[in-house]
Amino acid sequence: MLILRSFNHSSEILRLLKKKEYRSLGLVPTMGSLHEGHTKLIEKCSMECDETIVSIFLNPTQFTNKIDLVNYPQSIKKDIQIIKKVNKNAIIYTPVVSDLYSSPVKAEVFDLDGIDKIIEGKFRKGHFQGVATVVKRLFKKFSPDFAFFGEKDYQQILVIEKLIKKYDLKVKIKSVLTVREENGLAMSSRNFLLDKETRYDAKIIYESLCIAKKMIKTNDISQIKFFIGELFLMTKKFDLEYFCIVENRSLKEVKSFNSKLKLRAFISVKAKGVRLIDNIALF
């Protein structure tokens, strides 16, 4: 296992790798505080690629709330051990901010055809510009053949696919199904910030999505949205930030069920100040 603290170190490693008979290179970008969702990404990358790089970098430009950045859980030593158990030959890249950003630290501006400005983008203005910035720079540094992302952040996958297409980045995205806790809560590093009781009760997030999936063919979308809203009003413990039903690729909201469209439901909830998101395919 190689642990690289800067790209100056990694460039020599990559040069040696490329000197060998061509080997496929997979990248798993993370912000650390790894959980089973991340290990599934690393496992898939390790199975499908000859070489695996896992980056651990808390990207400052994708945080629209500075308190959120400060409170984000970090455990670099534990993360390295988790990666080692999954793939002892993985290359781990743990840069400092100055390795990816010059001063002042700011996001680039990308034209992503507006897909970065809806759903999550509406509530976290500039978030996906920060995501696109760090992903593009990782792609440029490592030139991976494949990059692996989880469907828990489904909109992020579409943003990165748009980035690749518009800026001619030679990387193929591989998505991995959302990994869930026993109660259905989507695995997230933010879950570590919840107390035991709230973490259990947060099952309502996934349950509400499953309710929407059951209702979609026989109820108006306005009725589904009203029902989900009322459900969270009754709980009092969770604040519903948004719930929407959209077309699977454009992410444009739909007003009625159409069997010709693939639909997906997105939700964002705040639990004691911790923001939790999820989504599922409906049809």
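Numbering (the numbering used here), first residue to last: 2 to 284. From the three backbone atoms N, C-alpha and C, an ideal C-beta is built for every residue, glycine too.
Secondary structure of residue i, DSSP reduced to three states
{"i": "Arg53", "result": "Note on residue identity: the sequence assigns Thr, not Arg, to residue 53. Strand."}
{"i": "Ala133", "result": "helix"}
{"i": "Val29", "result": "strand"}
{"i": "Ser99", "result": "helix"}
{"i": "Asn9", "result": "helix"}
{"i": "Leu262", "result": "coil"}
{"i": "Leu283", "result": "coil"}
{"i": "Ser47", "result": "helix"}
{"i": "Leu35", "result": "coil"}
{"i": "Arg138", "result": "helix"}
{"i": "Lys226", "result": "helix"}
{"i": "Ile126", "result": "With the sequence shown as reference, residue 126 is identified as Lys, and Ile is not the correct amino acid for it. DSSP places Lys126 in coil when its eight states are reduced to three."}
{"i": "Lys271", "result": "strand"}
Buried versus exposed call for residue i [16 or more other C-beta atoms within 10 Å across all chains shown]
{"i": "Ser223", "result": "exposed"}
{"i": "Pro74", "result": "exposed"}
{"i": "Leu241", "result": "buried"}
{"i": "Phe227", "result": "exposed"}
{"i": "Ser99", "result": "exposed"}
{"i": "Lys45", "result": "buried"}
{"i": "Arg125", "result": "buried"}
{"i": "Met32", "result": "buried"}
{"i": "Val110", "result": "exposed"}
{"i": "Asp112", "result": "exposed"}
{"i": "Arg265", "result": "buried"}
Opening and closing residue of the alpha helix (DSSP H) in which residue i lies
{"i": "Leu70", "result": "67-72"}
{"i": "Asp80", "result": "77-87"}
{"i": "Lys118", "result": "Looking at the DSSP string, Lys118 is not in any alpha helix (DSSP H), and its letter there is neither H nor E."}
Enclosing beta strand (DSSP E) for residue i [first to last residue]
{"i": "Glu109", "result": "Unbroken run through Glu109: none, as it is neither H nor E."}
{"i": "Leu59", "result": "Element bounds for Leu59: n/a, residue is neither H nor E."}
{"i": "Glu254", "result": "Careful: Glu254 lies outside any beta strand (DSSP E) and carries neither H nor E."}
Heavy atom of the ligand NAP within 7 Å of residue i beta-carbon
{"i": "Arg138", "result": "No copy of the ligand NAP occurs in the structure displayed, which carries no ligand at all."}
Checklist entry - Which runs of the alpha helix (DSSP H) spanning at least 4 residues fall entirely within the region 147-222, listed in chain order? => result The region 147-222 contains these whole alpha helix (DSSP H) runs: 155-167, 197-202, 204-216.
Checklist entry - Between the region 228-242 and the region 201-215, are three or more C-beta pairs nearer than 8 Å? => result The region 228-242 makes contact with the region 201-215, as at least three CB pairs between them are under 8 Å.
Next on the checklist: With three or more C-beta pairs closer than 8 Å as the rule, is the region 167-175 touching the region 194-206?
Outcome noted: The region 194-206 vs the region 167-175: no contact.
Next on the checklist: Count Cβ pairs between the region 104-112 and the region 30-40 that sit closer than 8 Å; are there 3 or more?
Outcome noted: No: fewer than three Cβ pairs fall under 8 Å.
Next on the checklist: For the pair the region 176-192 and the region 238-256, tell me if three or more CB-CB distances fall below 8 Å.
Outcome noted: Below 8 Å, too few C-beta pairs join the region 176-192 and the region 238-256 to call them touching: fewer than three.
Checklist entry - Do the region 139-148 and the region 50-59 meet, that is, are 3 or more Cβ pairs less than 8 Å apart? => result Yes: the two stretches touch, three or more of their Cβ pairs being nearer than 8 Å.
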